[in-house]
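J.:
This is the structure in structure tokens:
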């Protein structure tokens, strides 16, 4: 008995430490696979001994510790009982109609509305008390500021970050996060709304907790939320949940995960009764409401393989270790590599050299992950130089989490220019289709891209691209084709693509209204003062100085020279195509829906002889804003000055094509 109690104590301490890290945006202490195995072992020991200690994770709700004002939940947010056996779900359903939905892997937020207006947003906390983060609501996509319903409404949903947005943030930032859930949790501890907005957090409602409307069906309650404008969790109803129906549904939903049809991280499925009145009759056992719902978690399939080597990949300033091993089949695909995150994770696992025996899973059915080292060969070697530029690499340790990460010391390393390369290939830039930021990151680490002109030399690496994991012959051909199509580019787009500070599409067009492309750069290079272009309408001294400074830099001159060896620059047609907006000055704000984006609307106005500025002044003729009742600064200023506020529809009625 004493030995079992010692083991239980050790398991409780390990699980609580890992849980704290998981819920608070800290570096990962153990994988979900390891946590589940330890949790199941602890639960078995508790059943055998009849002892459940007060701080056991089996007897309490895990808690986020986001700093801020704490408050009691109006309705307790209890956790769900979990199982990996479909038979348990069938037994629990009792033959009644149930709903299946994603168990989203994020941070639960409770959102409350009163008389049609958002009144508060509170984290789940320990299920009874959470942190009020209402001040961050505008930075979280999916939380509506207003709804078309009066009375009191309480909605529970998950704050999540898509895999694509997580990878983009990881590439661009110098911050270390293990996964999207870790980033979402860490982001909600920030105070800066704009910084949180950069993380692209989406809030997805998964249940309507309270409404004054009489809606008993859970499915109809979710439909009601959809009608109010929310983007609710994906779901499916099983009218007759026998074992066959449940197994078929699980197989179908699992396939959606493995084929990555769902952009957000999930760690299982949730089932709940359609009859919400029946669901409310359950008792509370521990920290579970017995009829509130049941969670199904997948059995992770672990495979053992042999490490070949650790490859180091540089993104932003971080140099990340990647395990490359003998190919092994997992979840229906062949896996050859898995990220090891950072030096601390490699040390935690005990990663060695070639011949080390490792176990690998697909976390949440998608992300290859090393979870265990069963035999170590050789030593784990940390490179002394950056694999991209060859500059010295140094080990950096976070003051908060003590996580050790390898960093490149060269501020001009090509791996730190990903944002610039991404803008270069964008539609507004050189318009090279099919080359994403992640693809650019891969090519930079292969040593193929150091500056813009190298992107046009990628066809030389066509065979090597086809041989890369995840590419193939068709992808390689598409990339080559896109590059060849983008060898003749309008001058304004080339200027935008060069990432010159303060020079966007509008500034580029204004500069080209007075100079040809070649004349522009030559004039800037020869300029005796930085105000050369300041007299051009809409430029000013600051933008003029930024352009002149860029053009005088010898490194930038070489970059432009090399690029012009690969592309042909065509002159932009500057004459207006029509006169519908002639003599009028517009300001555009808010979202648009008739045009693809605000730049397209702006381009149309300019093509019709109009002018678009960034701020409302006495010279503004019209403000275009689809939310004409908005209380934004621009709307208030327009009303003060008596300037008409037009929706897109009204604008097109007055200034659109007939």
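Numbering (my numbering), first residue to last: 41 to 698. Glycine included, C-beta positions come from ideal geometry on N, C-alpha and C. Predicted model, so just to flag it, every value in this text is computed and none were measured.
#1: Is the Cβ-Cβ distance between residue 380 and residue 410 less than 8 Å?
#2: When you compare only the Cα positions, how much space is there between residue 498 and residue 517?
#3: For the beta strand (DSSP E) that residue 153 lies in, which residues bound it at each end?
#4: Inspect the beta-carbon positions of residue 147 and residue 269 and report whether they are closer than 8 Å.
#5: Going by DSSP, name the residue or residues bridged to residue 197.
#6: Is the segment 399-406 touching the segment 363-371, taking contact as three or more C-beta pairs under 8 Å?
#7: Can you say whether residue 456 is buried or exposed, counting buried as having 16 or more other CB atoms within 10 angstroms of its CB?
#8: What are the residues that DSSP puts in a beta bridge with residue 587?
#9: My output table needs one value for residue 452: the three-state DSSP class, helix, strand or coil.
#10: Suppose you measure from the CA of residue 54 to the CA of residue 232; what does that come to, to the nearest Å?
#11: Is it true that the segment 276-284 meets the segment 121-140, where meeting means three or more beta-carbon pairs spaced less than 8 Å apart?
#12: Output needed for residue 174: all residues of its chain with C-beta closer than 6 Å, excluding positions within five of it in sequence on either side, in chain order.
#13: Could you give the C-beta distance for residue 419 and residue 371, rounded to a whole number, given that I count them as a contact under 8 Å?
#14: Taking the alpha-carbon positions, what's the residue 48 to residue 82 distance?
#15: For residue 331 and residue 133, I'd like the C-alpha separation in whole angstroms.
#16: Less than 8 Å between C-beta atoms, sequence neighbours within five positions excluded: which residues of the same chain meet that for residue 605?
#17: Just list the beta strand (DSSP E) runs in the segment 220-267, keeping only unbroken ones of 3 residues or longer that don't cross its boundaries, in chain order.
#18: Measure the C-alpha to C-alpha separation of residue 344 and residue 56 and round it to an integer number of angstroms.
#19: Three Cβ pairs or more, each shorter than 8 Å: is that satisfied between the segment 508-524 and the segment 535-555?
#20: Does the segment 464-473 come within contact of the segment 531-539, defined as at least 3 CB pairs closer than 8 Å?
#21: Distance, Cα to Cα, residue 129 vs residue 304?
#22: So, helix, strand or coil for residue 98, using DSSP?
#23: On the CB-based measure, 16 or more other CB atoms within 10 Å of its CB, does residue 261 come out buried or exposed?
#24: Assign residue 41 to buried or exposed, taking buried as 16 or more other Cβ atoms, counted over all protein chains shown, within 10 Å of its Cβ.
#25: Alpha carbon to alpha carbon, how far is residue 510 from residue 436?
#26: Considering only residues of the same chain and omitting the five flanking positions on each side of residue 696, which have a CB-CB separation below 8 Å?
#27: By Cβ distance below 6 Å, which residues in the same chain neighbour residue 302 in space, the five residues on each side in sequence not counted?
#28: Indicate whether the contact test is met: 3 or more Cβ pairs, each with one atom in the segment 194-201 and one in the segment 242-252, closer than 8 Å.
#29: According to the Cβ coordinates, are residue 681 and residue 650 closer than 8 Å?
#30: Can you tell me the Cβ-Cβ gap for residue 44 and residue 98, rounded? I've got them flagged as a contact below 8 Å.
#31: Less than 8 Å separating the beta-carbons of residue 663 and residue 632?
#32: State whether the segment 481-492 contacts the segment 554-566, with contact taken as three or more CB pairs (one from each stretch) at a distance under 8 Å.
#33: With DSSP as the reference, label residue 277 as helix, strand or coil.
#34: Can the beta-carbon of residue 265 be found less than 8 Å from the beta-carbon of residue 142?
#35: If you run the structure through DSSP and keep just helix, strand and coil, what is residue 420?
#36: Identify the continuous alpha helix (DSSP H) that holds residue 128 and give its terminal residues.
T.: According to the structure data:
#1: Their beta carbons are under 8 Å apart, which means residue 380 touches residue 410 by this criterion.
#2: Straight-line Cα distance between these residues: approximately 11 Å.
#3: 147-154
#4: It is not a contact, given that the beta carbons lie outside the stated cut-off.
#5: For residue 197, which the question treats as bridged, DSSP gives the partners 149 and 245.
#6: Contact holds: three or more Cβ-Cβ distances are below 8 Å.
#7: buried
#8: In the DSSP assignment, residue 587 is bridged to no other residue.
#9: Look at residue 452 here: in three-state DSSP terms it is coil, with no helix or strand label.
#10: One C-alpha to the other measures close to 33 Å.
#11: yes
#12: 160 and 161
#13: About 31 Å separates the two Cβ atoms, so there is no contact after all.
#14: 6 Å
#15: 9 Å
#16: 493
#17: 242-251
#18: 28 Å
#19: Touching, no.
#20: yes
#21: 24 Å
#22: coil
#23: buried
#24: exposed
#25: 31 Å
#26: 620
#27: 296
#28: yes
#29: no
#30: Residue 44 to residue 98, Cβ: 15 Å. No contact.
#31: no
#32: no
#33: Three-state DSSP puts residue 277 in a strand.
#34: no
#35: coil
#36: 126-133
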